[in-house]
Each structure stands twice: as C-alpha cells, then as structure tokens.
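Asker: Structure incoming, see below.
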Amino acid sequence: MLFECIGSCQIIFGTVFPLIANITGYILAIVPLKGVLQVLKDQKIGQLNALPFCFLFLNASAWMLYALILKDWWIVAANIPTLPLALFYTLQCLLFESPTKQQQTIYLLIGLLSYLMISAAISLVGLSLEAGKLYLGINCVIILLLFYASPLSTIKQVIKSKDSASINPWLGIAQLLCSFSWTVYGILLEDYFIVGPNFTGVVFSIMQLFLYVTYRHKSTIDEL
0 MLFECIGSCQ IIFGTVFPLI ANITGYILAI VPLKGVLQVL KDQKIGQLNA
50 LPFCFLFLNA SAWMLYALIL KDWWIVAANI PTLPLALFYT LQCLLFESPT
100 KQQQTIYLLI GLLSYLMISA AISLVGLSLE AGKLYLGINC VIILLLFYAS
150 PLSTIKQVIK SKDSASINPW LGIAQLLCSF SWTVYGILLE DYFIVGPNFT
200 GVVFSIMQLF LYVTYRHKST IDEL
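According to numbering that gives the first Met the number 0, the stretch in the sequence shown is residues 0 to 223, in order.
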C-alpha cells in the first residue's frame, strides 16, 4: 500500500503538475494572437503594449537553452510552440511601431540573444554542469522577471490616464496560471531558478489584473 501511494505521488508530481504547467504555457503563448491579428487588420498598433511579446521570445529562448543543458524535456516542450509564436507577434507589431521603438526593439533582441548564445557556449564548454546550470539559470531568471514585469511598463500611463486599455486582462490571467503552475513544478524539483522568478510572476500578474480592474475603461470592456 505504501509503495502504491509513493508511486501515485510520483505520477502526480512528476507528470500531472509539469503537464499542467505546459498547458498553461501554451495558453499564455496563444492568448496574444487575437490582439496581434487585430493590429494586422487595422494596420496600426493602437494601445497594444508589444514589449511583452519581445520578452516572451527572449524568455522562451533562454529557458530552451537551460532545459537542453539540464535535459529537462518538460521545459523544452513548453517552449517549442512559444518560440515561433512570440517571434511572429514581435515582428508583426514591430512593423507598426514608431521608428524609435523599432530601433529599440531590434537592439534589445539582437543584444540579449547574442548574450544568451555566448552564455550557453560558456556554460557548455567552459564550466562544469553545476556551474553552467548556475550561470545560465541566473540569466534565465533575469529575463523571466523582465517578461513578467513587461506588461507593467505602461503602469505610469495607466495610472495617469486612469485607463487600462493597454493592459490585456487575458494575458494577465494566462501569466498568473502559468507562473503559478511553474512555481509548483519548481518546488517539486527543488529548482529555485524556476521557483523564484515564477513566484514573482504570480505577484506581477496579480498587480497587472488589479490595475486593469481598478482603471478599466468602457473601451477595454467592449474589446473583450
């Protein structure tokens, strides 16, 4: 009976929770699609905050490298569909951004992607497995925190105008579900590179949804 219980717990903790984390990750990757397609239809970016898409792509790239080094196929699977979707969102929105924002986004993508590739090479060639995990893990944590914080980049505008039209509530809900699921998975693995930033993501997501509810405008309700 004891062994059966242990076996059941291993199935739940080792399969069910990472599966839930992957599903919520897919939802997070798909949620922005409607808004991006609307941008293409209208031929203008409007109030859409495209910065999260850029960091979504960088975050997926970082965790893909981390997962390949650790051979964690759950994390690999979570990021395979996210990479092309996030790149699509970023490039399509980039077409309708101001020249200044276009330049800033391109520099950001090239700079951080180059840094990630160099970090991965150093981790694989120049460091032991544990040291490589630590080095690359720190970089993943930083980028994931930037991703979770990026929807709040318009916080000053939201509070000043008392209009939360730049906040996508569905993205906030998806972020909350995804970050909570990965927090649980990280706790089960005792991998605090996963726990730390995702728990922070839970907090940032709640803040984002609080701002949306507090300053929601009729126009944002109609868009839903």
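Don't be surprised by glycine CBs; every beta carbon is placed ideally from N, CA and C.
Is there at least one Cβ from chain B nearer than 8 Å to Ser113's Cβ?
Answerer: Protein chain content of the structure displayed is limited to a single chain, and chain B is not contained in it.
Asker: Report the option in Pro168, Ser165, Val140, Ala28 whose CA atom is closest to the CA atom of Trp62.
Answerer: Val140
Asker: Any idea if Phe209 is buried or exposed, counting beta-carbon neighbours within 10 angstroms, 16 or more meaning buried?
Answerer: Phe209 comes out exposed.
Asker: Can you name the start and end residues of the alpha helix (DSSP H) that Gly45 belongs to?
Answerer: Note, Gly45: premise wrong, no alpha helix (DSSP H); not H, not E.
Asker: Relative to the C-alpha of Leu231, which candidate in Leu69, Glu96, Ser152 has its C-alpha closest?
Answerer: The structure shown does not extend to residue 231, since the chain spans only 0 to 223, so no value can be given for it.
Asker: Roughly how many angstroms lie between the CA atoms of Ser105 and Thr99, to the nearest whole one?
Answerer: Checking the sequence shown, residue 105 turns out to be Ile, not Ser. Cα to Cα, Ile105 sits roughly 10 Å from Thr99.
Asker: Determine the direct distance from the alpha carbon of Leu175 to that of Phe87, and round the result to whole angstroms.
Answerer: 23 Å
Asker: Is Val183 helix, strand or coil when you go by DSSP?
Answerer: helix
Asker: Pairing CB atoms from the region 199-215 with CB atoms from the region 147-165, are three or more of them under 8 Å?
Answerer: yes
Asker: Assign Ile5 to buried or exposed, taking buried as 16 or more other Cβ atoms, counted over all protein chains shown, within 10 Å of its Cβ.
Answerer: Because the pLDDT at Ile5 is just 44, under 50, the model does not fix this residue reliably, and the value given afterwards should be weighed accordingly. Ile5 should be labelled exposed.
Asker: For the putative contact between Gly136 and Leu123, defined by C-beta atoms under 8 Å, what is the C-beta separation to the nearest angstrom?
Answerer: Rounded, the Cβ-Cβ distance is 14 Å, inconsistent with contact.
Asker: What is the rounded straight-line gap between the Cα of Glu222 and the Cα of Leu128?
Answerer: Unreliable positioning characterises Glu222 in this predicted model, as indicated by a pLDDT of 44, which lies under 50. A coordinate reading is not provided.
Asker: Quick check: the Cα distance between Asn48 and Glu96, rounded to an integer number of angstroms?
Answerer: 10 Å
Asker: On a Cα-Cα basis, can you pick out the residue from Ala66, Leu108, Lys40 that is closest to Phe52?
Answerer: Leu108
Asker: Which complete alpha helix (DSSP H) runs does the region 77-115 hold, if anything under 4 residues is left out?
Answerer: 81-93
Asker: Report yes if the C-beta of Asp41 is less than 7 Å from at least one heavy atom of the ligand FAD; otherwise report no.
Answerer: What this structure holds is no ligand at all, so the ligand FAD is not there to describe.
Asker: For Leu126 and Ala59, I'd like the C-alpha separation in whole angstroms.
Answerer: The straight-line gap separating the alpha-carbon atoms of Leu126 and Ala59 is approximately 23 Å.
Asker: Hey, how far is the Cα of Ala173 from the Cα of Ala77?
Answerer: 14 Å
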